[in-house]
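Numbering (the UniProt record's numbering), first residue to last: 1 to 358. Worksheet: the structure to be examined is printed underneath.
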């Protein structure tokens, strides 16, 4: 029997398209003249935003995590504050969402959904928690990270590549490059995107350049000393942010593991088949978007259902798991890695301990 949270989450997702349209029309009805301010493209963006709100709401409710929804609302508020989108409109839309859904849900469901939306409204009423820079002077490779970041901003792939390759030749360890250059620089670019200071195109360009340089470093990565462990690494569903899990695969290789990196857009059943064929010891799953958490849960359920894959240790990581540090238990994993620095240690602990990390 499903819990109230799971049932309500499923109901929201099953009705998301129809309810999004109803909420949009109700918003227009309550604020006369708003429809006339929007052209067709803006109207579609408005509808898309409502879909996002419902999707993140459903994921947070499913996993019984108020912190996930509060974080989403704060992130959205900061993003809106740095664009021409009205924060007051976000507040009104959450209020109208409550009013529309109160007519569609029973008393217990209304009480539960209102708890989440009211917490979101409280976040809007407070000062925004703005993200701090990830390029900090205490970083042992601060100067290298700054220079690499600037080359990416200038779209100078050649100089970015030369900078990193020369640093390695001068004795900077690959792990140091990953932990103290690639990781903070990519996070900084994500922060600047939220603040509307870099474009999506620039974010994608930076990721592609870093992936290219990582491939150039691969000959340095292979460890001469192998242990007996094999990891399968993957993203869930249509998750496009695969750089982090690719880095984890490389770091595990440096630590003596064999890895099979499946990347993104891999169906759950194919991942199960790969686990069985490769006889893997660890499945490492990356989730960047909170809206994909249910896909991680589904993947883990599929792995556990199959008698030939059910005993593999499962480690998860990514942005949502750092918002709620108990979330890995809710999705059914054995442990989670908060960042690149901890990934190898957690992976080794899981396979050697033979159980989950409490």
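We treat Cβ as the ideally placed atom computed from N, Cα and C, and that holds for glycine. Because the structure is a prediction, the values reported are computed rather than measured.
Cα-Cα separation, residue i to residue j
{"i": "residue 142", "j": "residue 88", "result": "39 Å"}
{"i": "residue 220", "j": "residue 210", "result": "16 Å"}
{"i": "residue 176", "j": "residue 255", "result": "14 Å"}
{"i": "residue 299", "j": "residue 62", "result": "16 Å"}
{"i": "residue 113", "j": "residue 48", "result": "20 Å"}
{"i": "residue 86", "j": "residue 80", "result": "6 Å"}
{"i": "residue 318", "j": "residue 297", "result": "14 Å"}
{"i": "residue 308", "j": "residue 257", "result": "21 Å"}
{"i": "residue 195", "j": "residue 290", "result": "19 Å"}
{"i": "residue 139", "j": "residue 321", "result": "23 Å"}
{"i": "residue 293", "j": "residue 74", "result": "19 Å"}
{"i": "residue 84", "j": "residue 123", "result": "20 Å"}
{"i": "residue 295", "j": "residue 170", "result": "43 Å"}
{"i": "residue 92", "j": "residue 35", "result": "14 Å"}
{"i": "residue 132", "j": "residue 192", "result": "10 Å"}
{"i": "residue 245", "j": "residue 57", "result": "26 Å"}
{"i": "residue 288", "j": "residue 186", "result": "13 Å"}
{"i": "residue 50", "j": "residue 328", "result": "27 Å"}
{"i": "residue 37", "j": "residue 253", "result": "55 Å"}
{"i": "residue 18", "j": "residue 120", "result": "22 Å"}
Integer Cβ distance of residue i from residue j, believed to fall under 8 Å
{"i": "residue 236", "j": "residue 285", "result": "6 Å"}
{"i": "residue 16", "j": "residue 54", "result": "5 Å"}
{"i": "residue 274", "j": "residue 232", "result": "6 Å"}
{"i": "residue 350", "j": "residue 282", "result": "6 Å"}
{"i": "residue 168", "j": "residue 217", "result": "7 Å"}
{"i": "residue 311", "j": "residue 272", "result": "Contact doesn't hold; Cβ gap of about 13 Å is too wide."}
{"i": "residue 242", "j": "residue 264", "result": "5 Å"}
{"i": "residue 213", "j": "residue 160", "result": "7 Å"}
Per-residue DSSP class, three states only, for residue i
{"i": "residue 105", "result": "coil"}
{"i": "residue 138", "result": "coil"}
{"i": "residue 188", "result": "helix"}
{"i": "residue 37", "result": "helix"}
{"i": "residue 203", "result": "helix"}
{"i": "residue 18", "result": "helix"}
{"i": "residue 25", "result": "helix"}
{"i": "residue 176", "result": "helix"}
{"i": "residue 197", "result": "coil"}
{"i": "residue 159", "result": "helix"}
{"i": "residue 165", "result": "helix"}
{"i": "residue 226", "result": "coil"}
{"i": "residue 152", "result": "helix"}
{"i": "residue 3", "result": "coil"}
{"i": "residue 217", "result": "coil"}
Pick out the complete beta strand (DSSP E) segments inside the UniProt domain "B12-binding" (228-358), 3 residues or longer, and give them in chain order. Counting whole runs of 3 or more residues, the UniProt domain "B12-binding" (228-358) contains the beta strand (DSSP E) stretches 230-235, 258-263, 282-286, 313-317, 335-337.
Return the chain-ordered ranges of every alpha helix (DSSP H) run that is complete within the stretch 82-136 and spans a minimum of 4 residues. Considered as a whole, the stretch 82-136 harbours 87-101, 107-125 as its complete alpha helix (DSSP H) runs of no fewer than 4 residues, in chain order.
Continuous alpha helix (DSSP H) assignments of at least 4 residues falling wholly in the stretch 28-81: Runs of the alpha helix (DSSP H) inside the stretch 28-81: 34-37, 40-62, 66-81.
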